[in-house]
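Line by line, the protein sequences give chains A, B, C and D.
Using my numbering, the first residue of the first sequence is number 2, and each one after it goes up by one.
Using my numbering, the first residue of the second sequence is number -7, and each one after it goes up by one.
Using my numbering, the first residue of the third sequence is number 698, and each one after it goes up by one.
Using my numbering, the first residue of the fourth sequence is number 32, and each one after it goes up by one.
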Amino acid sequence: MSEHPHAIVSYRTFIVVWALLLVLTAVTVAVSRVHLGALNIWAALGIASLKSALVIFFFMHLKYERLLFKLFLLLALLTLALFIGMTFLDVLYR
Amino acid sequence: MTQQMTATAGSRGFLAEGGKYPGLLGWIFSTDHKRIGLLYLFAVLSFFLVGAALGIIIRLELIAPGETIVSAQTYNALFTVHGVIMIFLFIIPGIPAIFGNIFLPIHIGANDVSFPRLNLFSWWLYMIAALIILASLFTGGGPPDTGWTFYVPFSAETTTNVPMAVFGVFILGFSSILTGINFVTTVHRLRAPGVRWGRLTLFVWSLYATAWVQILATPMLAITLVLLILERLLGAGLFDPASGGDPIMFQHLFWIYSHPAVYIMILPAMGIVTEIIPVFARKPVFGYWAIAFSSIGIAAAGSLVWGHHMFVSGMSDTAVLIFSLLTFIVAIPSAIKVFNWVATLYKGSISLDPPMLFALSFIFLFCIGGLTGLILGAAATDVHVHDTAFVVGHFHYVMFGGTGFAFFGGLHYWFPKICGRMYNKRVATVAWGIMFAGINILYFSMMILGLRGMPRRYYDYLPEYADLNLISTIGSWILAAGLLLMFVNLLRGARNGRPAGPNPWGGLTLEWTLASPPPAENFASIPVIEHGPYDYEQGGTPHE
Amino acid sequence: MSDSGHPAPHKDYTGAKLGMWLFLYTEVLLFGGLFVLYAVYLHRYPLEFAAAAGQLNFTLGAANTVILLTGSLLVALSVSAIRHGSTRLAQGLLWGGVASGILFLINKYLEWSTEIGHGIYPGSPILEQRAQGEIVFFGLYYITLGLHGLHVLIGAVILAVVAVMTAKGSIHQDEFVILENSGLYWHLVDLVWIFIFPLYYLLL
Amino acid sequence: MNPAMTTTTEAVDQVFLYIFGISVVLLLAITATMVWFVVRYHRTRQPQPQASPRSNLWLETAWTIIPTLIVLSMFWYGWQGYTTLRNVPEGAMDVKVSGRKWSWSFTYPNGRVSDILVVPVGRAIRLDITSEDVLHNFFIPAFRIKRDAVPGMHTYEWFVATEPGSYDAFCAEYCGVAHAAMITTIEARPEADFDDWYQRKYETKEEQENGRQQLATYGCTGCHSLDGSKMVGPTLLGIFGRQVKVTRNGQEHSLIIDREYLKRAIVDPQAELTQGYPPVMPAYNWLTAEELEKIVEYLEELQ
Ligand code: HEA
Ligand code: HEA
Ligand code: CUA
Ligand SMILES: [Cu+2]
């Protein structure tokens, strides 16, 4: 049984995404300049996550892949989150 | 089931055909999963023998208090190298890379894995890494003396050849990762028509769970080792208290991989046992889904308990609480497996051929190892037995008594399939008996020593520990004798055993529908599967 | 799951991509280890980290962000191009990606040479004088960005190879999985940087 | 000591017995069932398998729930015991423990420094542990306590000796070539004895030095360590008042070392051989009375 590769993504979509990424970069820089204390780091991470989502779903075509791929990505990220989170069980309460 | 006997019995199947080049080259450059599996078999077994020999020497040193045969420094190198070889070169690659490679594709009715070239490449990585590790013994500041755990700050200071050994292990990590990637992809993409998830053999299920652990945990080991090397070369100071680093963070990073690694070791072993028991009880395995999901459960929960190696390291008590709790959770899926195995025997027709003996003794030995694991998992008792001979006893029970015995069981189970001949069953049974006696004498005495307070990694000990150490050493000789007998018997079988025929045990999984040894291209035409791997009711009555 | 079936291995595009994605996850966790350390030490030395981060060259960092994002765009475009059958365009875009990689590395070289010039590098006598948190920060900084730089280098080489293969015609309209997978790798390099940039250059 | 206080030993042993007991039962049950099935359904008795269900929801749920409850109880009990180990009783005496390659040193509140840990019976002791180089671990099997000594960090553990006597303490974290020799002794003495040890004037560094000088010149230090570690002969550290077993012409005797014994042991070592050591010590019968006096005096101070 042969494969039917996913639809071709239009050049325009990519360029729009790229523009968005640049904008978001500008935003992070801007946000990092205003002092929000602990919030700064979370804001930075939030925006970074947004950017990576754009890259993953469009540049890397994940949006067009079958569900399985998305589940696996979730699994990998969850694992990393747990590794970091559970390490803090020690670091936070030591 | 529609399966034709490719290649008449007696023909030497993939052992003869296959391989683009003649002779040895035809092997070390073959991308046939079966040949690669055999390449792994020979490599892994040789390293096992080396590691085992080191184990024997360790025991000799411990036969009496004081310096008996080796100096303290040599002893430290001995258990370090013994540990590194046994963990990274024997037990982790062992079952997946050997039996997984040979039988996973066959079990799902495929002709090879998804990435055959990658598969060969990972064997090469394994060999290169092995050579680097061996080289580290004879070059630089001499063999590493850190213990297989490479704890900083010691590992960052010692003058021995740690960086090279660590680099070797680092490469092994990638070999292991590639195997994992290959298996996950293969199971998802190459299942023959009719091989639903509910028709996967439980061996494949266990390998699938293992593969995920290999993929998600091994990179942590890789980066940890890189950091250790850089700590030595650049003095980056990430773990050095003097420059603000935290030695305990190294332990976190190390165990984030190395605990899940113990389930990389045991899951495939459980898979083999789950294959053997129904065949020799002539019964469908009891609770297929429970066993399948418990494999996933162990892999998942097992990835979150690494802290139980650090209860007395200075880690926060909150972390002790959570990690201890999760550690006990892992015991549950293991318990489920044990109960299902036993239940499978009920009302069966049981024959005690060598593979079955190994499988049943696996259950017993793994239970001892696992139950002692509970004593280690409980915060209070771990404080007492941590880093004592009790831990050494625990992990030899699970690793040698568990994985080791399952490995030998698999060897005796698939031996006729792989080389088309049968070994001498009576001798095999005797060898098993000797090993079973030896292993218990060897390691049970260690556990008592641990409870009485003898620390591990001690080349010398107080007189009060002498008696049990002597007994333990004697046990190691018995075990060695048994192993030697087993290997000799298998070698003789391979050379001039009687032809085994395609299905000597009466198994229903796909490999038994092929000739022994299987032809180079497994299935002449991809099979269409109508029933599950353990359907002894529908399945054709097993033939002798 | 609907992914059963038995395509001949080398024709199995989905399989190939699946494998690649799995490999990328291992890369993510490889860097993940470094981010674990970063998180822990940031938590322990917030002020020192901010102080140290302030000494990094923000402009070069920002420039490299733009460069990598653009590089990613070019490679993404090249996949669409090859599938439209416009091989030459695809080639050009790939070389563009390579160029972005080289530019990035040049910047990194400039950045590091000045910093090392100031005597700030792991184990340097000057760094030893600094506050503990700063020593750790720079340790992490050099290792993380070093590892990332290595990935950029590898990625650029791969892209070059793929570009040549496209020229040779071994990659074309209906045989492009290698291009797509190399692209995936290149995007990963970008992904990692998306996190490195705020965590190391924008910490104030 | 206040009877309310559970000792660390009790806390740990209870948990151990609980888990161990259940484990033994489970192991026996599982093995017995297995063996019984193998015998009962052996192919000689059962040429063909009998039909039997492939799964049984109730059964499987049962053997999922019950083990869960068992392990949770084990966990909770284990945690309870652990909290006992972590909660130091009121009024514990605080002793600083420092590990270095490859010996331990203990610093008392009054500044007294010792190579062995002398403690009063019945009084809780809180050990504040750290390391000067690599990881070590201060482990006292008798009291079931163990904690890593981490450079740049302070960890703690506590215990109480309910019986006078001497107990072993090991280093339980691998630390290099002499890891196995990083052993010392805990001496639990009655409150009174402890106090006069604790209060007794102990030499200043340089006094100690010239004492050591002497021993070196006589060659004692060739076989006896002064830091608690074991060499050809027993350590001379804290030798005074130590309880030893000696064999005097064939019979075993147990005695507390006093000035008289010291003199005998030096002038005619072979007369009374300390158990566990080779009879290799030369007789120092050529020492003049005052030389001997000085040595013994020094040994007495060497605590
Ligand atoms: C094959 C490898 C393997 C396996 C499978 C296991 C399995 C387990 N291990 Fe083990 N372990 C090691 C290999 C392994 N271990 C190694 C190598 C070390 C030492 C590393 C080093 O420091 O060098 C170690 C160390 C180690 C420690 C740290 C000790 C210390 O240093 O202080 C702990 C602590 O919790 C632990 C716990 C467990 C537990 C709870 C399980 C559980 O998975 C066990 C589950 C199984 C059972 C529970 C038995 C079967 C079930 C039944 C009989 C049913 C009835 C049971 C109940 C109702 C509970 N192990
Ligand atoms: C799969 C893993 C595995 C296996 C199979 C073994 C097998 C053995 N190990 Fe194991 N061991 C470890 C993994 C393993 N070990 C690990 C991870 C450590 C921790 C290291 C550390 O602390 O860092 C360890 C530590 C360790 C110690 C503790 C050292 C210490 O803490 O001081 C001891 C001590 O007795 C020991 C002994 C043995 C023995 C006697 C065998 C026996 O089973 C071997 C007997 C088998 C044979 C001898 C083979 C039969 C004969 C031949 C093959 C012919 C060639 C042999 C001769 C010429 C004699 N090992
Ligand atoms: Cu100090 Cu081991
Ligand atoms: Cu573990």
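Cβ atoms here follow ideal geometry from the backbone N, Cα and C, with glycine treated the same way.
Note that this is a predicted model, so its numbers are computed, not measured.
Three-state secondary structure (DSSP) of residue i
i, result
"B:C411", "helix"
"D:V277", "strand"
"D:Q334", "coil"
"D:W135", "strand"
"A:D91", "helix"
"B:P183", "For the sequence presented, residue 183 of chain B should be read as Arg rather than Pro. Correct three-state label for B:R183: coil."
"D:F170", "strand"
"D:P300", "helix"
"D:K236", "Bear in mind that the predicted position of D:K236 carries a pLDDT of just 45, short of 50, making it unreliable; the figure below should be weighed with that in mind. Here D:K236 sits in helix by DSSP."
"D:E188", "strand"
"C:L817", "Correcting the residue type first, residue 817 of chain C is Ile in the shown sequence and not Leu. In this structure, C:I817 counts as coil in the three-state DSSP scheme."
"D:L323", "helix"
"C:R917", "Outside the shown range of chain C (698 to 901) lies residue 917 of chain C, about which nothing can therefore be said."
"B:P519", "coil"
"C:L900", "coil"
"C:G873", "The residue asked about is misnamed: residue 873 of chain C is Phe in this sequence, not Gly. C:F873: coil per DSSP, three-state reduction."
"D:K127", "strand"
"D:F271", "coil"
"D:Y205", "coil"
"D:I156", "strand"
"D:T40", "helix"
"B:L191", "It is worth fixing the name first, because residue 191 of chain B is Arg in this sequence and not Leu. Looking at B:R191 - three-state DSSP - the assignment turns out to be helix."
"D:K177", "strand"
Whole-Å CB distance - residue i paired with residue j, under 8 Å assumed
i, j, result
"B:P185", "B:V520", "5 Å"
"C:W890", "C:G794", "Actually they do not touch by this definition, with Cβ atoms about 14 Å apart."
"C:G716", "B:I173", "5 Å"
"B:G160", "B:I125", "4 Å"
"B:S198", "B:G263", "3 Å"
"B:A261", "B:F399", "7 Å"
"B:V277", "B:A351", "At roughly 12 Å, the Cβ-Cβ gap does not stay under 8 Å, so B:V277 and B:A351 are not in contact."
"B:L110", "C:L734", "The Cβ separation is near 30 Å, so there is no contact."
"D:W133", "D:A212", "6 Å"
Residues that residue i contacts on chain A, provided the C-beta gap is smaller than 7 Å
i, result
"C:G902", "Only positions 698 to 901 of chain C appear in the structure, and residue 902 of chain C is not among them; the question remains open."
Chain C contact residues for residue i, given Cβ-Cβ distances below 7 Å
i, result
"B:P176", "Note that residue 176 of chain B is Val in the sequence shown, not Pro. Correct list: L719."
"B:G227", "P819 and G820"
"A:P12", "With the sequence shown as reference, residue 12 of chain A is identified as Tyr, and Pro is not the correct amino acid for it. Result: L774 and S777."
Proximal residues of chain B, C-beta to C-beta of residue i below 8 Å
i, result
"C:T711", "R181"
Partners in chain B for residue i, counting only beta-carbon separations shorter than 7 Å
i, result
"D:T62", "F356"
"D:E204", "D379"
Contacts of residue i in chain A (Cβ-Cβ under 9 Å)
i, result
"C:L770", "F15, I16, V18, W19, L22 and F60"
Closer than 9 Å at the beta carbon, the chain C residues around residue i
i, result
"B:T216", "G730"
Note to self: Closer than 9 Å between beta carbons: that is the criterion. Which residues of the segment 107 to 119 of chain B meet it against chain C?
What the structure shows: F107, P108 and L110
Check: Using Cβ-Cβ distances below 8 Å, what residues of the segment 779 to 799 of chain C are close to chain A?
Finding: R780 and H781
Next item on the list: Can you give me, in chain order, the residues of the segment 230 to 264 of chain B that have a beta carbon less than 9 Å from any beta carbon in chain A?
Entry: D238, I240, M241, H244, L245 and I248
Notebook entry, point to check: Who's in the neighbourhood of ligand 4, going by beta-carbon under 6 Å from any heavy atom, listed in chain order?
Noted result: B:H251, B:V254, B:H300 and B:H301
Margin query: Quick check on the contact list: which residues have their beta carbon closer than 6 Å to a heavy atom of ligand 3?
Written below: D:G130, D:W133, D:H167, D:C202, D:E204, D:Y205, D:C206, D:H210 and D:M213
Check: Going along the segment 28 to 61 of chain A in order, which residues come within less than 8 Å of chain C, judged by CB to CB distance?
Finding: T29, V30, S33, R34, H36, N41, I42, A45, L46, I48, A49, K52, S53, V56, I57, F59, F60 and M61
Next item on the list: Closer than 8 Å, Cβ to Cβ, to anything on chain B: give me those residues from the segment 171 to 183 of chain D, in chain order.
Entry: P172, A173, R175, I176, K177, R178, D179, V181, P182 and G183
Next item on the list: May I ask you to list, following chain order, the residues of the segment 67 to 82 of chain B that have a beta carbon less than 8 Å from some beta carbon of chain D?
Entry: N68
Checklist line | Selection of the segment 733 to 750 of chain C by Cβ proximity to chain A, strictly under 8 Å | finding: V733, A736, V737, L739, H740 and R741
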